[in-house]
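Colleague: Counting in numbering that gives the first Met the number 0, the sequence shown runs from 0 upward without gaps.
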Amino acid sequence: MFKKIIYVTSILLICAGLRAWKCIDCPESYNYGYDYYSNRNYLPDMAGRLEKDHGIFTCIKIEKIKGEYDLNTSAYACLTAVAAQQPGKGVIVILINDIQKKGVIKISDDLKEKFPRKYIMALQDDVLNNLQGKWYLRQVTLLAKITGSFVYVLEKEKMTEKEIEEQRARMIIVDDPVYGISLIPGISDIIGLFYMEPLSFLFYYPFIMYFLIVRWFGMKFGHIGLMASNAAWLGVMAFTGILIVNRMNIYFPDYVGIFLVIAGLNIPFYAAIFALNRSEILSAASNYMSEVTGGFDAINNFEGKQWGK
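1. Among the candidates Leu182, Pro184, Ala237 and Ile180, whose CA atom is the shortest distance from the CA of Met208?
2. Express the C-alpha separation of Pro176 and Asp108 in angstroms, rounding to a whole number.
3. Taking all protein chains shown into account, decide if Trp20 is buried (16 or more other Cβ within 10 angstroms of its Cβ) or exposed.
4. State yes or no: is the C-beta of Ile312 within less than 8 Å of the C-beta of Leu122?
5. Assuming Ser199 and Phe216 are in contact, meaning their beta carbons sit under 8 Å apart, how far apart are those beta carbons, in whole angstroms?
6. Is the beta carbon of Met143 less than 8 Å from the beta carbon of Met45?
7. Between the C-alpha atoms of Pro26 and Asn286, what's the straight-line distance to the nearest angstrom?
8. Where does Phe301 sit, in a helix, a strand or coil, going by DSSP?
9. Is Thr57 closer than 8 Å to Leu70 when the C-beta atoms are compared?
10. Where does the unbroken beta strand (DSSP E) through Asn96 begin, and where does it stop?
11. Given a threshold of 16 other Cβ atoms within 10 Å of its Cβ, counted over all protein chains shown, does Lys3 qualify as buried or as exposed?
12. Would you kindly report the start and end of the unbroken alpha helix (DSSP H) that includes Lys51?
13. Quick check: what's the CA-CA separation for Thr159 versus Met170?
14. Report buried or exposed for Tyr41, applying the criterion of at least 16 other Cβ atoms within 10 angstroms of its Cβ.
15. Under 8 Å by Cβ, that's how I've got Gly102 and Ile91 pegged, so tell me the actual separation to the nearest angstrom.
16. What ranges does the beta strand (DSSP E) occupy inside the segment 82–154, keeping only unbroken runs of at least 3 residues that lie completely in it?
17. Just confirm the distance between the C-beta atoms of Tyr118 and Val152, as a whole number of angstroms; I'd bet it's less than 8 Å.
18. Buried or exposed: where does Arg246 fall if 16 or more other Cβ atoms within 10 Å of its Cβ makes it buried?
19. Between which two residues does the beta strand (DSSP E) holding Lys63 run?
20. Bridge partners of Cys25, per DSSP?
21. Counting only the same chain and skipping the five closest in sequence on each side, list residues whose C-beta sits under 7 Å from that of His53.
22. How would you call Thr72, buried or exposed, if buried means at least 16 neighbouring beta carbons within 10 angstroms?
23. Quick one: residues in its chain with C-beta nearer than 8 Å to the C-beta of Thr194, no 5 flanking neighbours on either side, listed in chain order?
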């Protein structure tokens, strides 16, 4: 029995010494498939696939340095040191400043043909820096998604649609065309507000855009302008909504799946309530439009009765 224990321990020590990736100053749980609370961690799996199947060594470094400094310089220094220790292998470095909630991604020169710069910048700026530190996403899960994205780019030609769908929760589909539209400057900034605080964005964004498009601009051109500006506002809402939902489906397909299940269960319930109380709901909506906003034809379209005509 004692010999078996020594044998198993030796095997485990050898495997630990041959680990296919490195995590510097990371919590110890990041190195294992499950954390202390039995949450699944795919970071070792994805980093291991990069090394085993593609000969790419992954180094993740988490710094806790206060004050401003050049993260790119620090990442390049880490890349150079790791490349010297891993001759003949491609190297990916993900460096995070845990205090500033900022990060950079660097790859060795021999990987630049495999991973176009636009993909690297999308993972760095839109994924790593936009989602880091958010209350709804663990840091280790974010790192797993980023390393999984490199696996996706390398293996997408061999993967079936079913395999991609099964692994979506562990990868970022960086070459999705709708996702590419959402990365355009300006559009990306608006969607970034959603990820900063989703609930506040859903409440304020439609009202602010309605004020700008319909009340500030559209109502200056009479009835036709009002109709056209309302149509434009609906188009902007639909366009923004499609981009956000598409990103959500790329970043958090598991969350989207849960939401669809909940929505599917609740829609019949709310439809039944509406059917049973249809007249009361329509009457309340009509009273709101006429008594509070002043109606569609009033000069003041908000709190019309309190303002002088």
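Quick reminder that beta carbons are idealized off the backbone N, C-alpha and C, glycines included. Treat the numbers as computed from the prediction; the structure is a model and nothing was measured.
Modeller: Well, looking at it:
1. Ala237
2. 26 Å
3. buried
4. Absent from the model: residue 312. The displayed extent of the chain is 0 to 308, so no value can be given.
5. Going by Cβ atoms, the distance from Ser199 to Phe216 rounds to 24 Å, so no, they are not a contact pair.
6. Residue 143 is actually Ala in this sequence, not Met. Result yes, Cβ atoms of Ala143 and Met45 sit closer than 8 Å.
7. 58 Å
8. In this prediction, Phe301 scores a pLDDT of 48, lower than 50, which makes its location untrustworthy; the coordinate-derived value is nonetheless stated afterwards. Residue state, collapsed to three classes: coil.
9. no
10. Gly89 to Asn96
11. The predicted position of Lys3 is uncertain, since its pLDDT is 41 and thus under 50; no value can be drawn from it.
12. Leu42 to His53
13. 15 Å
14. buried
15. 13 Å between Cβ atoms; not a contact.
16. 89–96 and 101–106
17. 6 Å
18. buried
19. It is not in any beta strand (DSSP E) - Lys63 carries neither H nor E in the DSSP assignment.
20. Paired residue(s): none; Cys25 is not in a bridge.
21. Leu153
22. exposed
23. One point to set straight first is that residue 194 is Tyr, not Thr, in the sequence displayed. Asn129, Leu130 and Lys133.
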